[in-house]
Structures are given as C-alpha cells and as structure tokens.
Amino acid sequence: MSPTWTAPLFSRTRLPYEVGHSGGLHRGNNSALNARMIIGTAGHVDHGKTALVKALTGIDTDRLAEEKRRGITIDLGYAYTDTFGFVDVPGHERFVHTMLAGASGIDAALLVVALDDGVMPQTREHVQILELLGIDRGVVALTKQDLAGDGVDTVAAQVRSLLAGTPFATASLLPVSAHSGDGIEALEAALRALGPRLRDLEQHPRLAVDRAFTLSGAGLVVTGTLVSGRIRVEDRLMLSPPGLELRVRGLHAQNRPATEATAGQRVALNVTGPRLSKDIVSRGDWVLHPDAHRPVTAFDARITLVADAARALRSDTPVHVHLGAAHTIARVAPLDADRIEPGCSVLARLTLQQPIGALARDRLVLRDATATRTIGGGVLIDPFPPRRGRRTPDRLQQLAALDHAEPAAALHSLLALPPGWTDRAAFLTSRNLAPSMQTATLRAAPAVPVAGYLMAPLAVEDLSRDIVGHLATHHAAAPDQPGLQPERLRTAMANRPPVSAFRAILEMLFRAQTVEQDGPWLRLPSHRARLSVQDERLWREARNLIAAERFRPPRTRDLARSLSVPELATRAMLKRVQRMGRLIEVAPDQFFLSETVAEMLDIAASIAGTGVLTAAEFRDRLCNGRKVAIHILEFFDRAGVTVRIGDERRVRNDRVGMFGPPPRHDAPPPQAAYNAP
Ligand SMILES: Nc1nc2c(ncn2[C@@H]2O[C@H](COP(=O)(O)OP(=O)(O)OP(=O)(O)O)[C@@H](O)[C@H]2O)c(=O)[nH]1
Ligand SMILES: [Mg+2]
C-alpha cells in the first residue's frame, strides 16, 4: 500500500467520490471488516432513498451541486458502515441507466416506496431490473411513515401485489421514517439478516469499474464492485476493453485500506500503467486478469421479455444493453424463434455497436431504443459465438447445453453433443476459470485438453479408433504402399477433427506405439511395405547414387546406365519404390529421396521466412542449377505447399510438414562450399 495514497485519502482531501464523503468511518468497529455486504437502493424518484441511506449511515450521498439544487439524485452515491456498503441510485426515469450500473454488482436490494405516493413507474421498473439482474433478496422500506396517515395498508397491498411472483414476494415490508428515525433500527436488522450472496473467489478477478479519478500524490484511482476473485496490491491486471496493462499500487476494500480485496466488495484501486490515464477509463470498463480480457461485439444469450412489454421483440430490433456497469446499443436476433413475445424466453444473438467485456453467466438488461422502458434481460450463455451457423439445430443444442450455471455441467453437456470437442481457451475464458478451477472443472466434466481443444474422453477414443481403422483398411487395400499421408487420413474421417487436435492425437498414438510415422506416411506398426528381393538389391544401389547428389539426383536414363539395367525396368522399379514412399518423382524421370524433398521444403521455408523466396535464392542454397530448382519449386506449387506470386513464392507454413520431418545431415550444407570465394 502506497502511503502517499492513503494519507490524503482520509485526511486532507475531500473527494467527490465514495472514498471521500463518508467523513471518516461511521460507527467504527474494525473487527467486522469482512462481514459487509453491498446493498443497492431502488425505487421511484423522491421516494426517500437518499434520506434513508443517510438515516442508516449518517452519510449524505447526494454530493453534486446539481443534486443539491434539484433535490434529486443524479449519480451513484456510496456510503459505508461496518456491516454494509450502500450504493444509492437515482430514481428519476431519465437516470435508469445509472441505476442499472449501480445495481449490477449488489448483494441485496433496499426497495423504497413512499407511503404518501405508493407504487409508481420506477418502483415497477426497478423491481423488474433487480429481477433481471438476478438479485434475489431484499427488504422493502415503506418510508415517509410520518406523512402516511392511514394509507399504510393500501400501499403495503400495492407492494405485495407488485412483488408477487418475484424473488421479493416474501420480503419484509417495514414502515419507516427517515425524518423521525422510526423503524430505522428494525430496517437495519432486516438488512443484516439478508446476508451477502455467494461470490466466486476462485475465479479470476473482475472488477466492474464505475468511476475513475486522479488523486494528487497517488495518481489514478478506479473504483467499482469486485464481482469475482481477489485483487492484491502489486497484482498485474488489465483494463478491458482498452487492453491496457496496469499494476495495483494500493487498494481500498469497502472504503478501508487493505492489501487484498475479495469478490463482493466495493473496491478502489490506485493503479499505474503505461498509457493509462483518467480519460481512458470509462464506467463500464473492467479491471481484470489478463486471461479474462477478450472484449466482444456479439454474444449469445437467453433473453426474457418482461410480461408487460408493449410488443414482441422482432429480429434485429435495436435496443440498449446494460451489462455490469457497461452500456451500449445492440441488435437482438432471436435464434430459436422469430420473435420474443412478452413474458417469454428465447435464445438470441446480440450484436453490439461497440465492444464490451462480457463473460458467460453475466446478467444483462435490455431497454428499448429510446431508452424509456426496460423491456427485458437475461443471462449470457456464450460470449464467443461462431459467426456462421448461428441458428442451425446443432448450434441451438450447443447453446442449450452451455446454459448451465456450473461450468463442469455445461462442459459435460456440450461435449456429449457432436462434434465432442470445443475450443479450450474460449470455454475457459468464457467461464473466467482460474487454473485451480480449470483442473477441477476438466476432471468433473470430464474433459481432456487436446491441443487447443477440450474433448470428451470418449471422443478421443473414437478418433483414435477411427485413425487406426482407416490405416488398417488402407494397408489391406494397398499392401505395397507405406501407409497414408496424415492429411489424407484426417479428411477421410467421419468426425473430422481440427488439424491441431488431429496432430495431438497422432502424437498420443505414436507414444503408445499404436501408430508409426515413416517419413510422410502413417502406418500401423504391423505393416511393412515390401519390395521383391531383386528390387531391394537394385534399389540399394540406386539409392546410393541418388543420395550422392541428393539435390541434383541422376535422371532415370543415367541411373539405368550406371546400374546396367534397361531404362524401362529401372523406371518401373523407381515407381514401385515411389509407391512405398521412399522416392518422389518431382519432374518426369527425376526422382528425389522423400527425405530430400522434406529437406528442400525446409530450406525453402527457411529462405522465405514469413516473406517470399526466388528460384535463384533456392538454387543458390541447393547448388543444383536453375532448371532443377525450378522443377522442384513447380512441384511444390502443385503440391500446394508454395504459392507463386509472379517470380516469387510464399511458403505455406501450415503445410511445411507434408513430406515429413527434414532429415538431419552430418554433411555440411552445400551453401558453404558454393559461396566460398
Ligand atoms: N417527511 C418525510 N420526508 C422525507 C422522508 N424521507 C425523505 N423525505 C423527503 O423526500 C424528499 C426526497 O427524498 P430523497 O431521499 O432525496 O429521495 P430519493 O428517493 O433519494 O430521490 P431520487 O434519488 O432523486 O430518486 C426530500 O425532500 C426528503 O427530505 C421521510 O421519511 N419523511
Ligand atoms: Mg436519492
């Protein structure tokens, strides 16, 4: 903790933010530090929310001059006691977006209904929002009791009917007066009895930023609700979506200096980082673990339209989306229906006007295009959805499978569906799983990491079996051939795995000695392509001749002459050897050893790097003359491993292994001799 930051925070500086206007700690008792929960106010404008927070904490959270002048709350206000952190929200219909930012991280709601006014539009809307945000506990303060006369029962009945069918149906209704203090103690006891909601401490940290300011002597401070994980002083985190790295120099949890903040607390972080400044941070950003930084412009969610929505929501309707403290405009496209009827839930793709940080299970609220009504909300299911095929039956099944709160259950259901695997980083990031939880989740699902994927163990078995099956079939049909090229085999598979996963499974099969690699070929260990005794003798001699000049091997006619065998017979033998995979006829009657082809491709790739190569450069490395070099390059073009652009060529690095690994030669590369003066 930086002392330069702590000192002015609580002594000299009066901050225009939560950390400054508590006027010191109210009802100080340091032992109760961790017992605090965050209570958010809710309710119609002027119903007495701010007055009630003041009665409970002694703190006036309306601090802006404009708030004083107009007598209404405009921005979020914060007040702390040992037991509670209060987020006081505005009730005015024009500031519902601010209420949304404040309510998204709270543990419980303090719904305020003035007894002299009863249930009003924002009473209803705030209740809808709390419900959509998944806030499931709260207390109702029937306030301004001193003005109520005998209207208490009427308002209580209104409230009961409003809350029927919501998670607040059984909430306590407590008449109070902020002015006289009547009922305040009972209210505090009722709030205390609610208890904080369960937070995930084992996830990566994620703080929903609602403010940023600079403090002289300390620098940039960002505040918000820590929705998951822990943050410690000296942690290196990231501001997302901007993607800026930062270091935590100091922190306050629930308005007190601390070395660690945990999920569920309001947190102020003194941060520093290159390119980081107050102007870059906005309400709605996240401070999070770098692994959780993956802003999105589209996601799939389960969206529910509120029952009293004016009309059904059709595809591509623009709406305002609120998620965490963020807010943007989006288009909603229902996936498993053509539109969303009031009171109904569907799966939907939301396409956003600007990127936000969003992860699976995040709650969101939708308001209409003019931002005058809350129309619905829901739960985010997949923050990294595929661009294509969003409405296919397979995709809808996957979404249904992913719609589980428990990551292991979601993964289990997903992997039970075809194809039996999913992108590893996308899944783990979407669930914000820290390494310890990743292991536990994979074990529970169960799932195995295979290259960049997570696979059901059964899928790995099926794929392995399929590989072996294809090889066995091929060996039976072509006993003189060495085996199958990996890419041929992969593309022939019924449930075709991605290249990297396929390679990883092959590696497992190699290690288990179930499959062997012979140059570019895969084969079962039991399989050996065989030459006749005569061919074998002839080939041994021919091989020596070819190997002696591996980059410029003798042509068939010259080989025949050296071997004293008719040219026709020599060519036939070479073709048989080629079928076994030991030779490649790069140009008519020009046979290279397979491993030499791999070596030459490796050389071409090393010349080109990420750029291009010319025939002259290639020739100079191989010292084999322009014509042969061009034959080889044209062969590579035909094989699709190089791409010709005018007189230059690019090497497709994803295909460099198609002729097998290059051999290791003890002999020095020819280049050294050639370039010698
Ligand atoms: N008589 C009486 N007046 C109250 C009571 N509580 C609040 N008021 C008055 O009601 C008015 C509005 O109170 P606020 O606390 O600002 O209301 P609010 O709900 O915070 O309003 P917004 O934040 O703008 O939505 C103020 O003039 C308060 O003094 C109460 O218990 N009794
Ligand atoms: Mg207020």
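Going by this note's numbering, the first residue of the sequence shown is number 1343, and it counts up by one from there. By construction, the Cβ of each residue, glycine as well, lies at the ideal position given by its N, Cα and C atoms.
- Secondary structure note for E1587: its beta strand (DSSP E) is the uninterrupted segment 1586 to 1595.
- Taking the CA atoms as reference points, T1485 sits about 22 Å from I1477.
- By the Cβ neighbour-count rule, K1969 is exposed, with fewer than 16 other Cβ atoms within 10 Å of its own.
- Each of A1702, L1759, R1653, L1757 was checked against the Cα of G1718, and the nearest Cα belongs to R1653.
- Distance between G1480 and I1847, taken at the CA atoms: about 52 Å.
- Per DSSP, the beta-bridge partners of E1602 are R1574.
- Annotated three-state conformation of D1808 is helix, per DSSP.
- In this structure, M1580 and H1546 do not form a Cβ contact; the two beta carbons are roughly 11 Å apart against a cut-off of 8 Å.
- The DSSP assignment places 1526 to 1536 as complete runs of the alpha helix (DSSP H) inside the segment 1506 to 1574, in order along the chain (cut-off: 4 residues).
- Fully enclosed beta strand (DSSP E) runs of no fewer than 3 residues occupy 1954 to 1956 of the segment 1934 to 1980, in order along the chain.
- With 16 or more other Cβ atoms inside 10 Å of its own Cβ, E1941 counts as buried.
- By the Cβ rule, the segment 1452 to 1459 counts as touching the segment 1376 to 1390, because three or more pairs are nearer than 8 Å.
- In the structure shown, M1462 adopts coil according to DSSP, grouped into three states.
- A direct Cα-Cα distance of roughly 6 Å separates V1792 from A1843.
- Taking the Cα positions, L1529 is about 14 Å away from G1382.
- A1451 has its CB no nearer than 7 Å to any heavy atom of ligand 1.
- DSSP places T1912 in the uninterrupted alpha helix (DSSP H) bounded by 1909 to 1921.
- Sequence-distant Cβ neighbours of A1758 in its own chain, meaning closer than 8 Å and more than five residues away, are A1743, A1798.
- Membership of V1928 in the beta strand (DSSP E) is indicated by the continuous run 1925 to 1929.
- Distance from the CA atom of T1440 to the CA atom of G1731, rounded to whole angstroms, is 36 Å.
- Residues lining ligand 2 by the Cβ criterion, that is a Cβ closer than 7 Å to any of its heavy atoms, are K1391, T1392, D1404, I1414, T1415, D1430, P1432, G1433 in chain order.
- The DSSP-derived three-state label of H1869 is coil.
- The beta strand (DSSP E) runs of length 3 or more contained entirely in the segment 1704 to 1737 are, from start to end of the chain, 1705 to 1709, 1716 to 1724.
- N1774 carries a coil assignment under DSSP once its states are collapsed to helix, strand and coil.
- Under the three-pair Cβ rule at 8 Å, the segment 1600 to 1610 does not count as touching the segment 1637 to 1649.
- Around the beta carbon of K1396, a 10 Å sphere encloses 16 or more other beta carbons of the protein chains shown; the residue is thus reported as buried.
- Exclusion of V1455 from the 7 Å shell around ligand 1 follows from its C-beta lying no nearer than that to any non-hydrogen atom of the ligand.
- Contact between G1794 and A1767 holds, with the beta-carbon distance rounding to 7 Å and staying under 8 Å.
- Under the three-state reduction of DSSP output, F1641 falls in the strand class.
- When distances are taken from the beta-carbon of V1497 to the heavy atoms of ligand 1, even the shortest one reaches 7 Å or more.
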